[in-house]
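In the UniProt record's numbering, the protein residues as written are 1 to 219. Beta carbons are placed, not taken as given, at the ideal position from N, Cα and C, and that holds for glycine.
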Amino acid sequence: MELGILLAIVGGFLDAYTFIGRGGVFANAQTGNVVLMGIEAATGEWRQAVLHAVPILAFIVGVVVAEMIKKPSMRLFIPDSERAVLILEIAVLFIIGFIPYTSPNIIVTVAVSFVSSVQVSSFRKLVGSIYSTTMITGNLRAATQEAYIFFTKKDNESALRAIRYSTINLSFLAGAILGGLLTSFIGVKAVWIAVIVLICSVILFSRDERKNKNADIEV
């Protein structure tokens, strides 16, 4: 649960970072990019439409890479795919912090879209339930559905799931607020705050992994 919270904070942060500081493009929310691309194409703004199309393609490539990393044949080279994804994301975002505003925004938005898609493809379950760390539409639907089931059927498990989904949604919102404020005040290097959160995620992931191994040994 804690790992999901941290990753949701990063998801919200990166969307705010790229939208405010990197040309009004969403790094994670490809629905938003598709809508903006459609609007710009309809008004003849083809250059802007292409700028929104490229992060979408980067997102698709990221999903493919995430699926390739998970293949059994890759375990010889990447034994722990989830940790590898987090380290990759840390490295890419750290480098992005050095790229000035004078550089083409497309470089940053493509890189962020790629690592975001790898993240969302690698971390898809929250205590056994499907969720997303980089967008909240599905999480919001699930939270509302579980809350409805709880109030109508008095199902305590649904209440717990509703709380979990709501916590992830609020974490995403907190990340977006933090990303918006820090990007406005700090500038391009604000992305390093997301790097710090991801480092905490790696530490937490490693701790949980050790706990699970110890539990298996005891059993």
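* Distance between beta carbons of residue 36 and residue 179, contact taken as under 8 Å -> Not quite, the Cβ-Cβ distance comes to about 19 Å (not below 8 Å), so this is no contact.
* Asked: Does DSSP put residue 184 in a helix, a strand or coil?
  -> helix
* To do: Starting from the C-beta of residue 191, find all residues in its chain whose C-beta is less than 6 Å away, skip the five residues before and the five after it, and write them out in chain order.
  => 17, 93, 96, 97
* Asked: Among 106, 200, 183, 131, which one has its Cα closest to the Cα of residue 48?
  -> 106
* **Simplified DSSP state of residue 130, which is helix, strand or coil** => strand
* Asked: Which same chain residues, not among the five before or five after residue 62, have their C-beta less than 8 Å away from its C-beta?
  -> So the qualifying residues of the chain are 113, 114, 115, 116, 117, 118, 121.
* To do: Sort out for me which residues DSSP pairs residue 211 with in a bridge.
  => Note: residue 211 sits in no beta bridge, so no partner.
* Can the beta-carbon of residue 7 be found less than 8 Å from the beta-carbon of residue 201? -> yes
* **Per-residue DSSP class, three states only, for residue 153** => helix
* To do: Tell me whether residue 125 sits in a helix, a strand or coil according to DSSP, three-state version.
  => strand
* Exposed or buried, what is residue 74 when buried is set at 16 or more other beta-carbons lying within 10 Å of its beta-carbon? -> exposed
* To do: Give the DSSP-derived three-state secondary structure of residue 189 in the structure shown.
  => helix
* Asked: How about residue 81 and residue 69: are their beta carbons less than 8 Å apart?
  -> yes
* To do: Note the first and the last residue of the continuous alpha helix (DSSP H) segment covering residue 90.
  => 81 to 96
* Straight-line CA distance for residue 183 to residue 197? -> 16 Å
* Asked: Which whole-angstrom value is the C-beta distance of residue 110 and residue 50, which I expect to be below 8 Å?
  -> 12 Å between Cβ atoms; not a contact.
* Mind pulling the alpha helix (DSSP H) runs of 4 or more residues that sit fully within the region 3 to 87? -> 30 to 42, 46 to 69
* Asked: Considering only C-alpha positions, which residue in the set 34, 204, 158 is nearest to residue 145?
  -> Comparing Cα positions, the closest option is 158.
* Asked: Is residue 195 near residue 90, with beta carbons less than 8 Å apart?
  -> yes
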